[in-house]
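S.K.:
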DNA sequence: AGCTTCAGTGATAGGGTCTAACGCATGACG
DNA sequence: CGTCATGCGTTAGACCCTATCACTGAAGCT
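And the structure:
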């Protein structure tokens, strides 16, 4: 049973995170400003500290959400095999590139992700291994290659490094997916 | 012929960039502070604006330097073929991970790299294509795979995503290098 | 009805970027 | 060699930011 206070609190927390996502999409994580969020919600800056202990904690919470949403996206791909999973990953990433970079982008020296996101990461990896198991032997190694190769194409595409290169990122991505379906020579 | 003024100016600019690199290595690009740099050099914050028009311009200059240093690293690898080039890339990246992420990390929405760094990037890519040409047909496609696959492993390693996974990043990297040496099935 | 809890406020400290006006030394030049 | 302009570095200040603190007032609870 939730009290009215708790419901209100959850509501405001959700609104803060929503505005935070908008700001991050617009100007990246370093551009996120608690003051600006508060203003958008019609309150003053310090009020937000009722809901998040610090700016870092808010960002950590967003990272948590990002991991969670990737997990549900991967789960939703279900038993569609490696190719289906790869497709789901790409559409998920393209839906919000800054969300992708929040997880896989430039690390902040000294920052360590909380343990629960690392657990989520492990679960996602397990899903990946399971999907690769039905495509041949050596599921772990296959899943690892899957991850690194797709991340390679995806992160470069999302960062805009293919701009002006007369190249279709989707095709490049698809080619890597195909490369993962055939067995690797030692 | 350089005047004393010019020499002094170049010297101070170099010192600023040196301290900037130290700060970036220690706390990432968002943590770079002109005030802190000025203090380290024994002057006050505004003095730095004699040397760089803005914080962004200083960072842009560092990005330029990063591209330049990667180009010289790649050039130094010379005619050692794809494998040698891959090794040079990895040691260059490991030498300063934040430098790598300055080039290939999270992009800032709205920021566009200056044209000369894009030219440097093209030259580096040309080197890569040349190295791949001696390893078989389809040099461009091969070079592209080379780039995306190595970046995939390297960026995940540098960001610490392999931590606690009981896995040797160097071996993973080497495996990808091997994968690039064999011809790809369509 | 009274009391407690807590959301939101303004004030304040301390940091950042960046502009503007000002002293002052140094190099340039007649 | 003396004069003068160039330009380096300063302080002051505008305007951001995060974060803390004491306080007010309303809402919920007993």
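Chains as they are written, first to last, in my numbering: chain A, 1 to 186; chain B, 1001 to 1186. No residue lacks a Cβ here, since even glycine has one placed at the ideal position from N, Cα and C. Fair warning: this is a prediction, and the values are worked out from it, not measured in the lab.
#1: Just checking: is the beta-carbon of residue 1094 of chain B within a distance shorter than 7 Å of some beta-carbon in chain A?
#2: In angstroms with no decimal places, state the Cα-to-Cα distance between residue 1012 of chain B and residue 1064 of chain B.
#3: Could you say which of A:121, A:58, A:82 and A:165 lies nearest to residue 977 of chain B if we only look at CA atoms?
#4: Tell me where the alpha helix (DSSP H) around residue 1056 of chain B begins and ends.
#5: So what's residue 1101 of chain B in DSSP terms, helix, strand or just coil?
#6: Would DSSP call residue 1148 of chain B helix, strand or coil?
#7: What does a CB cutoff of less than 7 Å around residue 131 of chain A pick up in its chain, not counting 5 residues either side in sequence?
#8: Should residue 100 of chain A be labelled buried (16 or more other beta-carbon atoms within 10 Å of its own) or exposed?
#9: Who are the neighbours of residue 153 of chain A on chain B, taking C-beta pairs under 8 Å?
#10: Would you call the stretch 151-167 of chain A and the stretch 1141-1155 of chain B touching, i.e. three or more CB-CB distances under 8 Å?
#11: Give a yes or no on whether the C-beta atoms belonging to residue 17 of chain A and residue 37 of chain A are separated by under 7 Å.
#12: Report the neighbours of residue 1027 of chain B on chain A: residues whose CB is nearer than 9 Å to its CB, in chain order.
#13: For the stretch 51-69 of chain A against the stretch 110-119 of chain A, do three or more pairs of beta-carbon atoms, one drawn from each stretch, fall closer than 8 Å, so that the two count as touching?
#14: Helix or strand or just coil, what does DSSP make of residue 1091 of chain B?
#15: Around the C-beta of residue 152 of chain A, are 16 or more other C-beta atoms found within 10 angstroms, so that it is buried, or is it exposed?
#16: At a Cβ threshold of 7 Å, is residue 18 of chain A touching chain B?
#17: Rounded to the nearest angstrom, how far is the Cβ of residue 129 of chain A from that of residue 139 of chain A, given a contact under 8 Å?
#18: Could you give the distance in angstroms between the alpha-carbon of residue 1096 of chain B and the alpha-carbon of residue 1025 of chain B?
#19: Going by C-alpha distance, which of A:78, A:90 and A:9 is nearest residue 50 of chain A?
#20: Using the beta-carbon of each residue, which ones in chain B are nearer than 8 Å to residue 104 of chain A?
#21: Could you pull out every residue in the same chain whose Cβ sits closer than 7 Å to the Cβ of residue 79 of chain A, ignoring the five residues on either side in sequence?
#22: By how many angstroms is the C-alpha of residue 1040 of chain B removed from the C-alpha of residue 1022 of chain B?
#23: Using a C-beta cutoff of 7 Å, does residue 30 of chain A count as contacting chain B?
#24: Going by beta carbon distance, what residues of the same chain come within less than 7 Å of residue 1028 of chain B, once the five residues before and after it are set aside?
M.R.: For this structure:
#1: For residue 1094 of chain B, the nearest beta carbon of chain A is not closer than 7 Å to its own beta carbon.
#2: Just so you know, the alpha carbons of residue 1012 of chain B and residue 1064 of chain B end up roughly 18 Å apart.
#3: For residue 977 of chain B there is no data in the structure shown, the boundaries of chain B being 1001 and 1186.
#4: Here the alpha helix (DSSP H) through residue 1056 of chain B covers 1055-1077.
#5: In this structure, DSSP gives residue 1101 of chain B a helical state, which the three-state scheme calls helix.
#6: The three-state reading of DSSP puts residue 1148 of chain B in helix, counting H, G and I together.
#7: Counting only Cβ-Cβ distances below 7 Å, and skipping sequence neighbours, we find 81, 82 and 85.
#8: That one is buried.
#9: The answer, in chain order, is 1148 and 1152.
#10: Because the criterion of three Cβ pairs below 8 Å is met, the stretch 151-167 of chain A and the stretch 1141-1155 of chain B touch.
#11: No, the Cβ-Cβ distance between residue 17 of chain A and residue 37 of chain A is not below 7 Å.
#12: Within chain A, the residues near residue 1027 of chain B are 108, 109 and 110.
#13: The stretch 51-69 of chain A makes contact with the stretch 110-119 of chain A; the number of CB pairs closer than 8 Å reaches 3 or more.
#14: In this structure, residue 1091 of chain B counts as helix in the three-state DSSP scheme.
#15: Counting Cβ neighbours within 10 Å, residue 152 of chain A comes out buried, since at least 16 surround it.
#16: With respect to chain B, the C-beta atom of residue 18 of chain A has no partner C-beta closer than 7 Å.
#17: At roughly 5 Å, the Cβ-Cβ gap stays under 8 Å, so residue 129 of chain A and residue 139 of chain A are in contact.
#18: Each residue's Cα considered, the two are about 7 Å apart.
#19: Nearest Cα to residue 50 of chain A within the set A:78, A:90 and A:9: A:9.
#20: Chain B residues near residue 104 of chain A: 1155, 1156, 1159 and 1161.
#21: Answer for residue 79 of chain A: no residue qualifies.
#22: When rounded, the distance between both Cα atoms is 11 Å.
#23: The beta carbon of residue 30 of chain A sits closer than 7 Å to some beta carbon of chain B.
#24: Non-local C-beta neighbours of residue 1028 of chain B in its own chain, meaning closer than 7 Å and more than five positions away in sequence, comprise 1098, ordered along the chain.
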